[in-house]
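If you read the sequences in order, they're chains A and B. According to UniProt numbering, the first sequence is numbered sequentially starting from 1. According to UniProt numbering, the second sequence is numbered sequentially starting from 1. Idealized CB from N, CA, C, for every residue including glycine. Remember, predicted model here, so these are calculated numbers, not experimental data.
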Amino acid sequence: MAAKDDRADRVRLTGLGLNLVPLAVTGLILAVLVLVSVLSMVVWIGLPLLLVSLTLTRGLADVHRTIAGQLLGEPIPRPYLPTPASQGVSGITRRVAVVLRDPATWRDFAWLWLNGVFGLLLALLPAALFLGGLFTLAMPLQLPFLPDDATLHVGLVPVSTPTTAVAAALQGFLLLAAFWVGTPHLIRAHAHLARWLLTPAEKARLAARVAHLSASRADTVDAQASEIRRIERDLHDGAQARLVALGMSLGMAEEALTRDPVQARRMLAEARESTRMALTELRDLVRGIHPPVLVERGLEGAVQALAITQHLPIDVDIHLPGRLPDPLESAAYFAVAEFLANTAKHSGAQRAWVRVNHGNGRLVMVVGDDGKGGAQATAGGGLAGIRRRLSAFDGSMHLLSPQGGPTIVTVTLPLPPTPAGGA
Amino acid sequence: MRVVIAEDLALLRDGLIRLLQAHDCEVVSAVDNGPDLLAALLEQRPDVAVVDVRLPPTFTDEGLQAAITARRRVPGLPVLVLSQHVEQLYARELLSGGQGGVGYLLKDRVFDVGQFVDAVRRVAAGGTAMDPEVISQLLAKQAPSGPLATLTSREREVLGEMAEGRSNSAIAARLFITDKAVSKHINNIFAKLDLPPSPDDSRRVLAVLTYLNG
Chain A
1 MAAKDDRADR
11 VRLTGLGLNL
21 VPLAVTGLIL
31 AVLVLVSVLS
41 MVVWIGLPLL
51 LVSLTLTRGL
61 ADVHRTIAGQ
71 LLGEPIPRPY
81 LPTPASQGVS
91 GITRRVAVVL
101 RDPATWRDFA
111 WLWLNGVFGL
121 LLALLPAALF
131 LGGLFTLAMP
141 LQLPFLPDDA
151 TLHVGLVPVS
161 TPTTAVAAAL
171 QGFLLLAAFW
181 VGTPHLIRAH
191 AHLARWLLTP
201 AEKARLAARV
211 AHLSASRADT
221 VDAQASEIRR
231 IERDLHDGAQ
241 ARLVALGMSL
251 GMAEEALTRD
261 PVQARRMLAE
271 ARESTRMALT
281 ELRDLVRGIH
291 PPVLVERGLE
301 GAVQALAITQ
311 HLPIDVDIHL
321 PGRLPDPLES
331 AAYFAVAEFL
341 ANTAKHSGAQ
351 RAWVRVNHGN
361 GRLVMVVGDD
371 GKGGAQATAG
381 GGLAGIRRRL
391 SAFDGSMHLL
401 SPQGGPTIVT
411 VTLPLPPTPA
421 GGA
Chain B
1 MRVVIAEDLA
11 LLRDGLIRLL
21 QAHDCEVVSA
31 VDNGPDLLAA
41 LLEQRPDVAV
51 VDVRLPPTFT
61 DEGLQAAITA
71 RRRVPGLPVL
81 VLSQHVEQLY
91 ARELLSGGQG
101 GVGYLLKDRV
111 FDVGQFVDAV
121 RRVAAGGTAM
131 DPEVISQLLA
141 KQAPSGPLAT
151 LTSREREVLG
161 EMAEGRSNSA
171 IAARLFITDK
181 AVSKHINNIF
191 AKLDLPPSPD
201 DSRRVLAVLT
211 YLNG
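Here you go:
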């Protein structure tokens, strides 16, 4: 099974290498086109030509980003600065100016040349090694077709007799071995080369990062402010009001104590009821801010406690590196709670499941159900709120919910680099 | 009745001591953290312990863990757990040994002194006292799974009352049915949950445990 997979892998990678060859050649043509357009900028035609050739270059670079990203198992982001979408001659000039000032343009240009030489070599090598290996291996069969007095130099062996032909053929094994061992490395080297030049330059990456952080910080501050407003309102209308009522009942009971003991007793009963209601409201409020079971049991226990109170059976499987930091734990818990609440309310599911695992410095949570699907993260809805909350931790949420189901939500959260403390 | 109390807030601890002393209880030990609680439970072997879930030093479920550990070493050691919030999960863990003598109540229940003292006595006698909040969570489930699915809604109601710790006559009064009807329901419950004949008390505990696991 594994051997078959290995073989399929070599075939696939060799084929990929061959596909990269026309791409590299196209790249060389584009590189020349860019050069020509730059030189012809003195005449008017250079500008639109440059814009076209650079746009094509970006398209080609995107193809390479996709291929290399898939090979390396990690997408390569586009590095380009946004271009103004303006019309007319002045518009073209401005766009060309922006594109030419973008360092990513010049990295693309360097890539075209580099890929045309080294990239091409790396891409061709697997097929060359394989065919060369076969050809060398077949040396004894080719011998009869050689002119009698000719000596063919195959590798280190001059071939003229059957014995030397067999000796030469042995080298074929070496070539095939090199093909077998080398192919994955060669193609990966190509992908690394692509990533090196096509990934955003540090400055562009930082600019994108700053933009993301500003947006997520603004979101977080907004969300926090409205959360605090909600808590204030709940306390004001809830527990505080209850305590006022409690104080009043107690005051009236005190007054009535000697004059009307029956009345006093009723007031005391009312005071007790007010206290109980205040506690219930505070308890609900606390649950919404930070559930006590989360403090006591961490994410695993809290999700289990949540799951057994749901109306449908929920399968829980959680593997954690220990207790998570408080803010992360809370964000993760509320995400799962929101998903399960949606499942209970809208999905009509018979069962649901929660899987949490970690690895590569990330926490991955998957919540799914067998319901009717069609869930959407509408603006201002619960799911949008969860997405916003997760983005403060650089987390992401992916919702898959086709009509007819099932619904699967995947959340990825980066874990802090220092190992979390004991369980 | 000899009682151990574990509560870290001095105000509440003193209140509990006073309340229980006023009802013929002897408080043999009042502690404010998990390790002391475990030691007191194992040394004093009280008739009943009243335990707060959250205790120092970790301020997590220290009290609950100490109670569960003590009950593992001394099966059936009566423990009444108090908390600001109730979790079905904790109720399940407390009863998981299949032994009675377990109570799990919201702290608010202390307000009704008479009922609270009743619950303490019931737990000391090997019964159960599950908070109505836990029971209402369970009753809210529309589709119980496993053996519970075979119970009629009336039988589930009776089982809920049993979990709260009510006697047959108390259940009859609450549901406006006769004592005889209650015993009939209870026998049906035992049969449907496939509980082998044994002393009535331990069957009741097993039935409640099945209920919590449902």
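- Cβ neighbour criterion (16 or more within 10 Å) applied to A:G17: Working through the first sequence from its first residue, we reach residue 17 of chain A at position 17. Under this definition A:G17 is a buried residue.
- Message: Does residue 424 of chain A pass the burial test, meaning 16 or more other C-beta atoms within 10 Å, or should it be called exposed?
- Response: In the structure as shown, chain A starts at 1 and stops at 423, and residue 424 of chain A therefore has no counterpart that could be examined.
- Message: Please list, in chain order, the chain B residues whose beta carbon lies closer than 7 Å to that of A:V336.
- Response: Position 336 of the first sequence, counted from the start, is the residue given in the question as residue 336 of chain A. Under the 7 Å cutoff, chain B gives no residues; its nearest Cβ is about 15 Å from A:V336.
- Query: Do you know offhand how far B:D61's Cα is from A:R297's?
  - Reply: Against the second sequence, residue 61 of chain B aligns to sequence position 61. Against the first sequence, residue 297 of chain A aligns to sequence position 297. B:D61 and A:R297: Cα-Cα distance of roughly 7 Å.
- Just grab the DSSP bridge partners of B:D26 for me. Working through the second sequence from its first residue, we reach residue 26 of chain B at position 26. Per the sequence presented here, residue 26 of chain B reads as Glu, with Asp not at that position. DSSP lists B:R2 as partners of B:E26.
- Of all the options A:R259, A:M277, A:T258 and A:L250, which has the alpha carbon lying nearest to the alpha carbon of A:M267? Counted from its first residue, the first sequence places residue 267 of chain A at position 267. Per the Cα distances, A:L250.
- Query: Which residues, taken in chain order from the UniProt domain "Histidine kinase/HSP90-like ATPase" (332–416) of chain A, show a beta carbon closer than 8 Å to some beta carbon of chain B?
  - Reply: none
- Message: What does the alpha-carbon distance come out to for the pair residue 424 of chain A and A:R233?
- Response: Shown here, chain A extends from 1 to 423; a query on residue 424 of chain A therefore has no answer.
- Message: Using only the alpha-carbon positions, how far apart do A:G421 and B:A39 sit?
- Response: Here residue 421 of chain A refers to the residue found at position 421 when the first sequence is read from its first residue. Here residue 39 of chain B refers to the residue found at position 39 when the second sequence is read from its first residue. Annotation note: pLDDT 44 at A:G421 (below 50); position unreliable, coordinate value reported separately. In a straight line, the C-alpha of A:G421 is about 27 Å away from that of B:A39.
- Taking A:R387 as part of the alpha helix (DSSP H), name the residues at either end of that continuous run. As a first step, residue 387 of chain A is located in the first sequence; it is residue number 387 there, counting from the start. A:R387 -> alpha helix (DSSP H) spans G382 to S391.
- Message: Would the region 357–366 of chain A count as touching the region 23–31 of chain B if we require 3 or more Cβ pairs under 8 Å?
- Response: no
- Query: Of the choices A:H153, A:G132, A:M248 and A:A194, whose alpha-carbon is the least far from that of residue 430 of chain A?
  - Reply: Because chain A here runs from 1 to 423, residue 430 of chain A falls outside it and cannot be looked at.
- Message: What residue range does the beta strand (DSSP E) around B:A49 cover?
- Response: The residue given as residue 49 of chain B occupies position 49 in the second sequence. Per DSSP, B:A49 belongs to the beta strand (DSSP E) from V48 to D52.
- Give every residue of the same chain whose Cβ lies closer than 8 Å to the Cβ of B:P132, excluding the five residues on either side of it in the sequence, and list them in chain order. Residue mapping note: residue 132 of chain B aligns to position 132 of the second sequence, counting from 1. E164, listed in sequence order.
- Message: Could you compute how far the alpha carbon of A:A8 sits from the alpha carbon of A:Q171?
- Response: The residue given as residue 8 of chain A occupies position 8 in the first sequence. The residue given as residue 171 of chain A occupies position 171 in the first sequence. Taking the straight line joining both Cα atoms gives about 24 Å.
- Message: Is it buried or exposed, B:E87, if we count other Cβ atoms within 10 angstroms and call 16 or more buried?
- Response: Residue 87 of chain B sits at position 87 when you count from the first residue of the second sequence. Classification of B:E87: buried, given that the 10 Å Cβ count is 16 or more.
- Under a three-way DSSP split, which group does A:L156 fall into? To locate residue 156 of chain A, count along the first sequence from 1; it is residue 156. DSSP places A:L156 in coil when its eight states are reduced to three.
- Query: Between the beta-carbon of A:D369 and the beta-carbon of A:T407, is there less than 8 Å?
  - Reply: Against the first sequence, residue 369 of chain A aligns to sequence position 369. Against the first sequence, residue 407 of chain A aligns to sequence position 407. Yes, the Cβ-Cβ distance between A:D369 and A:T407 is below 8 Å.
- When the Cα of B:I189 is compared with those of B:S169, B:T210, B:D179 and B:G100, which residue comes out closest? Numbered from 1 along the second sequence, position 189 holds the residue referred to as residue 189 of chain B. Cα-wise, what sits closest to B:I189 is B:T210.
- Just curious, the beta strand (DSSP E) that A:A352 is in, first and last residue? In the first sequence, the residue the question calls residue 352 of chain A occupies position 352. Segment A352 to G359, the beta strand (DSSP E) holding A:A352.
- Task: Buried or exposed for A:A423, please, with buried defined as at least 16 other CB atoms from any protein chain shown within 10 angstroms of its CB.
- Result: As a working mapping, residue 423 of chain A is identified with position 423 in the first sequence. Any reading at A:A423 must be qualified, since the residue scores a pLDDT of 38, below 50, and its modelled position is unreliable; the value itself is stated next. With fewer than 16 Cβ atoms within 10 Å of its Cβ, A:A423 is classed as exposed.
- Three-state secondary structure (DSSP) of B:T58: Numbered from its first residue, the second sequence carries residue 58 of chain B at position 58. Residue state, collapsed to three classes: coil.
- Item | Three-way DSSP call (helix, strand, coil) for A:T410 in this model | The residue given as residue 410 of chain A occupies position 410 in the first sequence. Correct three-state label for A:T410: strand.
- What residues from chain B crowd round A:L308, counting only those whose CB sits closer than 7 Å? As a first step, residue 308 of chain A must be located in the first sequence, where it is residue number 308. Correcting the residue type first, residue 308 of chain A is Ile in the shown sequence and not Leu. Within chain B, the residues near A:I308 are Q88 and L89.
- Query: Mapping DSSP to helix, strand and coil, what is A:R362?
  - Reply: As a first step, residue 362 of chain A must be located in the first sequence, where it is residue number 362. A:R362 falls in the strand class under three-state DSSP.
- Task: Since I believe B:V51 is in contact with B:L82 (beta carbons under 8 Å), could you give me their beta-carbon distance rounded to a whole number of angstroms?
- Result: Counted from its first residue, the second sequence places residue 82 of chain B at position 82. Counted from its first residue, the second sequence places residue 51 of chain B at position 51. Right, their Cβ atoms sit about 7 Å apart.
- Task: Could you work out which residues of chain C lie near B:F111, taking near to mean beta carbons separated by less than 8 Å?
- Result: Looking at the structure shown, chain C is missing, and the protein chains on hand are A and B.
- Item | Ranges of the beta strand (DSSP E) found wholly within the region 68–153 of chain B, counting only runs of at least 3 | 79–83, 102–106 and 128–130
- Message: Would you say B:Q115 lies against chain A (beta-carbon separation less than 8 Å)?
- Response: Here residue 115 of chain B is taken as the residue at index 115 of the second sequence, counted from 1. With 8 Å as the cut-off, B:Q115 does not count as an interface residue toward chain A.
- Reduced DSSP category for A:S396 - H, G, I as helix; E, B as strand; rest coil: In the first sequence, residue 396 of chain A corresponds to position 396, counting from 1. In this structure, A:S396 counts as strand in the three-state DSSP scheme.
- In three-state DSSP terms, what is A:V43? For this step, residue 43 of chain A is matched to residue 43 along the first sequence. Of the three classes helix, strand and coil, the one that applies to A:V43 here is coil, per DSSP.
- Task: Report yes if the CB atom of B:V4 is closer than 8 Å to the CB atom of B:L95, and no otherwise.
- Result: Sequence index remark: in the second sequence, residue 4 of chain B carries index 4 (1-based). Sequence index remark: in the second sequence, residue 95 of chain B carries index 95 (1-based). Cβ atoms of B:V4 and B:L95: not closer than 8 Å.
- Message: Quick check on the DSSP output: the beta strand (DSSP E) that includes A:V316 runs from which residue to which?
- Response: Here residue 316 of chain A is taken as the residue at index 316 of the first sequence, counted from 1. Its beta strand (DSSP E) spans residues I314 to I318.
- Item | Inter-residue Cα distance where the pair is A:A264 and A:Q240 | In the first sequence, residue 264 of chain A corresponds to position 264, counting from 1. In the first sequence, residue 240 of chain A corresponds to position 240, counting from 1. Answer to the nearest angstrom: the Cα atoms are 23 Å apart.
- Quick one: Cα of B:V120 to Cα of B:K141, how far? Position 120 of the second sequence, counted from the first residue, corresponds to residue 120 of chain B. Position 141 of the second sequence, counted from the first residue, corresponds to residue 141 of chain B. Whole-angstrom Cα-Cα distance: 28 Å.
- Message: Please report the straight-line C-alpha distance between A:Q403 and A:S347, rounded to a whole angstrom.
- Response: Locating residue 403 of chain A in the first sequence gives position 403, counting from the first residue. Locating residue 347 of chain A in the first sequence gives position 347, counting from the first residue. Taking the straight line from one Cα to the other gives about 11 Å.
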